[in-house]
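**Student:** Questions regarding the structure given below will be posed in turn.
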Amino acid sequence: MADVAVSPHGAVAEADLHPAPQIPDFEIVPRAGLPIVAAVVVLLVVAIAVDEKWPLMFLHVVAGATWTIIDLFLGFVIGPILGKLSIPARIEVTTRLMPKMVLIMPTAVAVTLAAGWQLATKLGYNLTSYQYHGWVVASFIVVGAMAVIALGLLEPANIAVLTELKKPRPNPEVVERLMKRFIYTAGATGLMQVATLVIMTRLATG
Amino acid sequence: MSDERRLPPVTQLGMLSLALIVAGVIYLSAHLPERVSLGPAIALLAASALLLVGNVVALRRTEGFAWGRFVEVGRWALLAYAIIAGLIEYVFLRNDTSGGPLVVLSLSLLVFALTVPVLIAFTVARYDDAAPGPNRS
C-alpha cells in the first residue's frame, strides 16, 4: 500500500514537529465498480426499449431511493459526524467513502431521471391533461434545482478533494474547504429531497 | 495557496449556465409531448451556451492556470457526462420526440454535457500547482 503524508505546502519544519497523517492508497474512480455501472446502464437501456411498467418502476424507485437516502444520510448523519472526527479519521473515511460516491451518484441520478421520464410517458403523467400534472412539474423543478447544486458544486468538490488527497503533499486547507463544500451541498440537496418525498408520495397515492 | 491566483468566476457562471439549461429542459418537459412554443427554450439555451463560451474564453486568458490537469480531468468527465446526456437523449427519441423540440433538447443536452466537465475540471485544476498557460504550452 503506497501511503503518502499530508502537510502544508513547503511547511517542512511544521511537518517535522507534528507528524502528518497517513493517507491510504485509493482510486479516485474505483475501477472495480465500472462493470457494475455498465450493467446498470444496460439494464436501463433494455427497460426503456421494452417499455414495460415493472422494470421501469423498479429502476426508477431503486435509483430514486438510493439518491434520496444517500443525500439525506450524507447531509444529516455522515456530514455532522465527519466534521467532528479527527483529521486522520476524516481522511480515512473520505478516501474510502468518496470514490464510491463518484460512481454511485451520477449513476443513480441518470437512472432515476431516464426511467422516471419513460415511466411518466407510459402512464401519461407528463400530459398536461393529467390531474396531478402540476405535482409532476414541481418534481421536475425540485430535481432540476438539486441537479444544479449537485453537478455544479457537490460533484466537482468530490473529485477535487480526492485529487488533492492523491498529491504527494496535499494542502490541508484545500481539503478542508472542499470537504465543507461537499457536506453543505449534500445537506442542501438532502433538504430538497424531503420535497421530492412529499411530491412522490402524493403522486403514488393519487 | 495556489487557489489564491486571480481566476474568473467559472463556478458561478457555470452554475448559472447549468441553471438556464435545466430551466429550458424543464420548460420543454412540462409541455411535451404536446405542442410547445420553442422561444423560451431557445432563449435559455442561447444564454446558457453564451455563458459556457464566455467561461472558457475567460479561463483561456488566465495566466498560470493548470491546463494539463484541466484537460486530464475534463476528458474523463466529458466521457461520463456524454454517456448520461446520451441516455437522456435516448429516452426522448424512444418517445418519438422530433422536429424543433428534439433539436433544442439535443443542443441543451450538449451544453449540459460540456458545462459539467468544465466545472469539475476547473475545480480540480484551480487547486493544482501553477502550470504554463495556454499561450505558453
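Sequence lines, in order, name chains A and B. Residues in the first sequence are numbered consecutively from 1, following my numbering. Residues in the second sequence are numbered consecutively from 207, following my numbering. Just so you know, even glycine gets a beta-carbon here, dropped at the ideal spot from N, CA and C. Predicted model only: the values in this text are computed from it and were never measured.
1) Closer than 8 Å, CB to CB, is S235/B near chain A or not?
2) Please determine, among G152/A, I199/A and L165/A, the residue with the shortest C-alpha to C-alpha distance to R181/A.
3) Chain B beta carbons: is any one of them nearer than 8 Å to that of G33/A?
4) Could you give the distance in angstroms between the alpha-carbon of V324/B and the alpha-carbon of R300/B?
5) Among the residues of its own chain, which have a CB less than 8 Å from the CB of Y132/A, if the five just before and after it don't count?
6) Rounded to whole angstroms, what's the CA-CA distance from T189/A to A147/A? Just pull it up for me.
7) Beta carbons nearer than 9 Å to chain B: which residues of the stretch 33-53 of chain A have them?
8) Using the three-state DSSP reduction, which class does Q131/A fall into: helix, strand or coil?
9) Strictly under 8 Å for the Cβ-Cβ distance: is L82/A near chain D by that measure?
10) Sort F318/B, L224/B, I227/B and V263/B by Cα distance to L285/B and report the nearest one.
11) Among the residues of its own chain, which have a CB less than 7 Å from the CB of P156/A, if the five just before and after it don't count?
12) Among T112/A, M101/A and A120/A, which residue has its Cα nearest to the Cα of A186/A?
13) Are the CB atoms of L293/B and A110/A nearer to each other than 8 Å?
14) Comparing alpha-carbon positions, which option in V231/B, A225/B, T329/B and L238/B lies nearest S129/A?
15) Grab me the residues of V40/A's own chain with a C-beta within less than 7 Å of its C-beta, minus the 5 sequence neighbours each way, in chain order.
16) Go ahead and pull the three-state DSSP assignment for I289/B.
17) Within 8 Å of any Cβ in chain A, is that where the Cβ of I248/B sits?
18) L250/B and T321/B look like a contact to me (Cβ under 8 Å); what is the Cβ gap, rounded to whole Å?
19) For a cutoff of 8 Å on Cβ pairs, would you count T268/B as touching chain A?
20) Can you confirm whether the stretch 217-233 of chain B touches the stretch 91-99 of chain A when touching is taken to mean that 3 or more C-beta pairs between the two stretches lie within less than 8 Å?
21) Roughly how many whole angstroms lie between the Cα atoms of Q118/A and G305/B?
22) When Cβ atoms are compared, which residues of the stretch 127-149 of chain A fall closer than 9 Å to chain B?
**Tutor:** Judging by the given coordinates:
1) yes
2) G152/A
3) no
4) 29 Å
5) Y125, R202, L203 and G206
6) 9 Å
7) V41, L44, V45, I48, A49 and D51
8) coil
9) Absent here is chain D; the protein component of the structure consists of chains A and B.
10) F318/B
11) none
12) M101/A
13) yes
14) L238/B
15) T107 and V111
16) helix
17) no
18) Not a contact, Cβ separation roughly 13 Å.
19) no
20) no
21) 19 Å
22) L127, T128, S129, H133, V136, V137, F140, I141, V143, G144, A145, A147, V148 and I149
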